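Undergrad: Can you keep this structure in mind? I'll have questions shortly.
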Amino acid sequence: MVLEPDAIEAICKAFDREECDTAGRRDALAECVGGLPTRSRELLAMRYEKGWSCEDISKQLLLSCDAVYQSLSRIRAKLAACVDWHMKSAEHQQLHGGSS
Amino acid sequence: MSTSEHGGPISEPIESWIDRYLDSGLSQNELECGGAQLVADPQFADRVVRACVFDILLEEHFAVVAAESSFSQVGRSQVLDDGAIAKTHRDPRSRMRRWSMVAALAASVLVMLFWFLPSRGAANAVAKELQRISQRTANAPDREFAIRVASQGTSRRKGRYPVLAEDTRPPKPSLDGAKLFVRGGRQFVLMRQMETEEWFITGSDRVSSWAIRPGSPVRVSDDLSRFDRDLPGHEHAVPLWNIDEDSSILLDAYYLSVEPASETMMKLIAVKRSKQSRGPFRFEIDYRADTGDIEYLRFYDMPYGPDHIPLLEMELVDSELHAPEFFSHQFHHEADRLVERE
């Protein structure tokens with residue numbers, strides 16, 4: 001199946017719109033992951049470090065696949081919020097420092 | 001099934017669709033529905049892009065954690081030169097890198113959703129840099145690289161990669177302290193010192209490839225790739241010394257980005273697209289901005305026989321021209337040594 005040119009353009013435009021401070025977000029992410037409960041970090045490590053599928057993780061943790069999906073989803077949402085908070089704090093600090 | 005009709009917009013919560021997309025939990029039909037919605041809803045496309053960026057950052061984070069953990073286990077974290085990994089992750093993001101990442105992510109999304117790779121200016125820019133490096137590599141004078149393994153290999157983690165026959169082979173001679181001599185993009189001599197302090201030498205002179213193991217007959221093959229697997233990056237067909245031959249392998253297997261490393265140097269960063277492919281998780285090539293000459297390479301989480309090497313570094317130490325026959329096996333052993341052809 002081939003994507004229509006207008007759909008390709010839509011994706012590319014979305015990437016163009018994405019103004020993401022990647023370096024800053026990496027640092028913030030490291031802090032946020034560090035603040036997670038051990039079990040959440042272990043789950044993320046299974047998914048992102050070991051590259052296990054949800055099925056592999058569910059077997060390891062004796063959970064259903066749905067439960068793994070939901071847990072990963074919750075953890076990612078929590079991390080995304082934490083990273084956003086860090087980024088906004090840094091931005092605020094920068095502005096505050098600049099005005100004083 | 002929470003989607004509507006075939007190819008129609010998704011009807012489940014967007015967050016749920018994106019999460020299942022990231023965790024490879026979508027059916028083909030659900031992927032197609034998402035594709036339709038990408039066209040119809042720019043905000044949805046924005047959210048998919050943001051989620052993909054975040055997912056890649058998470059992958060990178062855990063790769064770094066794993067590498068750092070390995071270093072600390074062997075008590076050699078100082079080898080990282082004040083945290084080489086951290087340094088590379090904190091380099092200021094240039095516009096070119098952003099564009100490259102954008103292109104890589106776009107490619108990822110489109111390949112997974114639509115089996116289609118778009119051509120964009122950013123992707124072309126990286127491909128051109130790759131081409132420039134490979135052309136320079138093919139025409140460069142003889143070069144010698146010193147290889148350093150920044151920490152010992154770790155056992156391949158269960159479940160991370162498919163098990164192949166070579167996983168059961170005995171450990172290979174260490175690459176730490178090895179010397180790699182390269183002529184053009186195809187000829188090489190790799191010298192690894194064994195525990196007995198004798199040298200295990202492999203190479204290729206474009207006519208044949210060969211291996212000289214102490215105490216064994218010299219093995220020679222017409223298959224030029226027969227003994228190149230131990231070249232860093234070459235295991236599992238990730239060609240770095242003959243990238244001019246098939247740079248599409250790199251482009252297909254890795255997200256590539258290019259950014260300035262200093263006033264005179266550029267850095268090409270490659271991060272593996274899929275954990276199922278078996279090359280190094282990430283590698284970096286530092287090259288001269290003006291000529292494209294490679295001066296430094298780093299390989300993170302690199303397969304090496306049954307092990308993974310958390311970090312391997314290669315540094316250009318010499319560009320001296322060697323004898324014409326230096327890359328032939330006869331140059332490296334006595335004339336009466338037994339030679340077996342394979």
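Chains A and B are the protein sequences, given in the same order.
When we follow my numbering, the leftmost residue of the first sequence carries the number 1, and every step to the right adds one.
When we follow my numbering, the leftmost residue of the second sequence carries the number 1, and every step to the right adds one.
Glycine included, C-beta positions come from ideal geometry on N, C-alpha and C.
What you are looking at is a predicted structure, and each value in this text was computed from that prediction instead of being measured.
1. Would a C-beta distance cut-off of 8 Å place L57(B) and R47(A) closer than the cut-off?
2. If you follow the alpha helix (DSSP H) that L321(B) is in, where does it begin and where does it stop?
3. Say whether the segment 45–60 of chain A touches the segment 20–32 of chain B, bearing in mind that this needs 3 or more beta-carbon pairs closer than 8 Å, one atom from each stretch.
4. Give every residue of the same chain whose Cβ lies closer than 7 Å to the Cβ of S40(A), excluding the five residues on either side of it in the sequence, and list them in chain order.
5. In chain A, what lies closer than 9 Å to S24(B) by C-beta?
6. Is it true that the CB of S204(B) sits closer than 8 Å to the CB of F326(B)?
7. Should R298(B) be flagged as near chain A, meaning a C-beta pair shorter than 8 Å?
8. Could you check if R95(B) is buried or exposed, using at least 16 other CB atoms within 10 Å of its CB as the buried criterion?
9. Per DSSP, what kind of secondary structure is A146(B) in: helix, strand or coil?
10. Confirm, please, whether the CB-CB distance from R136(B) to D293(B) is below 8 Å.
11. Exposed or buried, what is E129(B) when buried is set at 16 or more other beta-carbons lying within 10 Å of its beta-carbon?
12. For E49(A), is the classification buried or exposed, using 16 other Cβ atoms within 10 angstroms of its Cβ as the cut-off for buried?
13. Please report whether the beta-carbon of A66(B) lies at a distance below 8 Å from any beta-carbon of chain A.
14. Residues in the segment 38–51 of chain A with C-beta within 8 Å of chain B's C-beta atoms, listed in sequence order?
15. I need the boundaries of the beta strand (DSSP E) containing T202(B), first residue and last residue.
16. Does any residue of chain B have a CB that is nearer than 8 Å to the CB of A80(A)?
17. Among A90(A), H96(A), Q94(A), L95(A), whose alpha-carbon lies nearest the alpha-carbon of A28(A)?
18. Taking Cβ positions only, does S64(A) come closer than 8 Å to chain B?
19. Cα-Cα, which of R282(B), S257(B), D286(B), K272(B) is closest to M266(B)?
20. Measuring only between beta-carbons, confirm whether L29(A) sits less than 8 Å from chain B.
21. So Y21(B) is in the alpha helix (DSSP H); what residue range does that whole segment cover?
22. What does the Cβ neighbour count give for M314(B), buried or exposed, with the cut at 16 atoms within 10 Å?
23. With a threshold of 8 Å between beta-carbons, can S73(A) be considered close to chain B, or not?
24. Can you check which of these residues, Y254(B), F331(B), D230(B), is closest to D307(B) by C-alpha distance?
25. With the cut-off set at 8 Å, would you say D19(B) and L72(A) are in Cβ contact?
26. So P415(B) and M194(B) are in contact, right, with Cβ under 8 Å, and what is the actual spacing, rounded?
27. Looking at the structure shown, is M194(B) part of a helix, part of a strand, or coil, going by DSSP?
28. Identify the contact partners of P42(B) in chain A, using a Cβ-Cβ distance below 9 Å as the criterion.
29. Could you give the DSSP three-state label for P173(B): helix, strand or coil?
30. Just to confirm, are L316(B) and Y300(B) a CB contact at a threshold of 8 Å?
31. So, is S319(B) buried or exposed, given that buried needs 16 or more other C-beta atoms within 10 angstroms?
32. Select from G279(B), G35(B), A335(B), I269(B) the residue whose C-alpha is nearest the C-alpha of A127(B).
33. Look up H308(B) in the DSSP assignment and say whether it is helix, strand or coil.
34. Tell me whether T264(B) is buried or exposed, calling it buried when 16 or more other Cβ atoms sit within 10 Å of its Cβ.
35. Exposed or buried, which one is P303(B) when buried takes at least 16 other CB atoms within 10 Å?
36. Does any residue of chain A bring its CB to less than 8 Å from the CB of E195(B)?
TA: Once the coordinates are examined:
1. The Cβ atoms of L57(B) and R47(A) do not sit closer than 8 Å to each other.
2. Per DSSP, L321(B) belongs to no alpha helix (DSSP H) and is neither H nor E.
3. The segment 45–60 of chain A is in contact with the segment 20–32 of chain B.
4. Answer for S40(A): I75, listed in chain order.
5. Listed along chain A, the residues sitting closer than 9 Å to S24(B) by beta-carbon distance are S53, C54.
6. In this structure, F326(B) sits away from S204(B), with a CB-CB distance that is not shorter than 8 Å.
7. So no, R298(B) is outside the interface.
8. Reliability fails at R95(B), whose pLDDT of 35 lies under 50, so the model's placement of it is uncertain and the value that follows must be treated cautiously. By the neighbour-count rule (16 or more Cβ atoms within 10 Å), R95(B) is not buried but exposed.
9. Residue state, collapsed to three classes: strand.
10. A contact, by the Cβ cut-off of 8 Å.
11. Burial call: buried.
12. Within a 10 Å sphere around the beta-carbon of E49(A) sit 16 or more other beta-carbons, which makes this residue buried.
13. A66(B) has a beta carbon lying within less than 8 Å of a beta carbon in chain A.
14. Listed by position, the residues of the segment 38–51 of chain A near chain B (Cβ gap below 8 Å) are L44, A45, R47, Y48, E49, K50, G51.
15. Boundaries of the beta strand (DSSP E) harbouring T202(B): 199–204, taken from the DSSP string.
16. For A80(A), the answer is yes, since a Cβ of chain B falls inside 8 Å of its Cβ.
17. With distances taken between CA atoms, A28(A) lies nearest to A90(A) out of A90(A), H96(A), Q94(A), L95(A).
18. For S64(A), no CB of chain B lies under 8 Å from its own CB, so it is not counted at the interface with that chain.
19. Among R282(B), S257(B), D286(B), K272(B), the Cα nearest to that of M266(B) is on D286(B).
20. For L29(A), the answer is yes, since a Cβ of chain B falls inside 8 Å of its Cβ.
21. Counting along the chain, the alpha helix (DSSP H) containing Y21(B) begins and ends at 14–22.
22. M314(B) comes out buried.
23. Chain B, which has a Cβ nearer than 8 Å to the Cβ of S73(A), makes this yes.
24. Checked all of Y254(B), F331(B), D230(B); the closest Cα to D307(B) is D230(B).
25. Yes, they are a contact pair.
26. Only positions 1 to 342 of chain B appear in this structure, which leaves residue 415(B) out of reach.
27. Looking at M194(B) - three-state DSSP - the assignment turns out to be coil, as it is neither helix nor strand.
28. By Cβ distance, chain A contributes A10, K13, A14, R17.
29. Residue state, collapsed to three classes: coil.
30. A distance of 8 Å or more separates the beta carbons of L316(B) and Y300(B).
31. S319(B) is exposed by the Cβ-count criterion.
32. Nearest C-alpha to A127(B): I269(B).
33. Three-state result, H308(B): strand.
34. Under a 10 Å Cβ-count criterion, T264(B) is classified as exposed, with fewer than 16 other Cβ atoms of the shown protein chains found around its own Cβ.
35. So P303(B) counts as buried.
36. Judged by the 8 Å Cβ criterion, E195(B) is not in contact with chain A.
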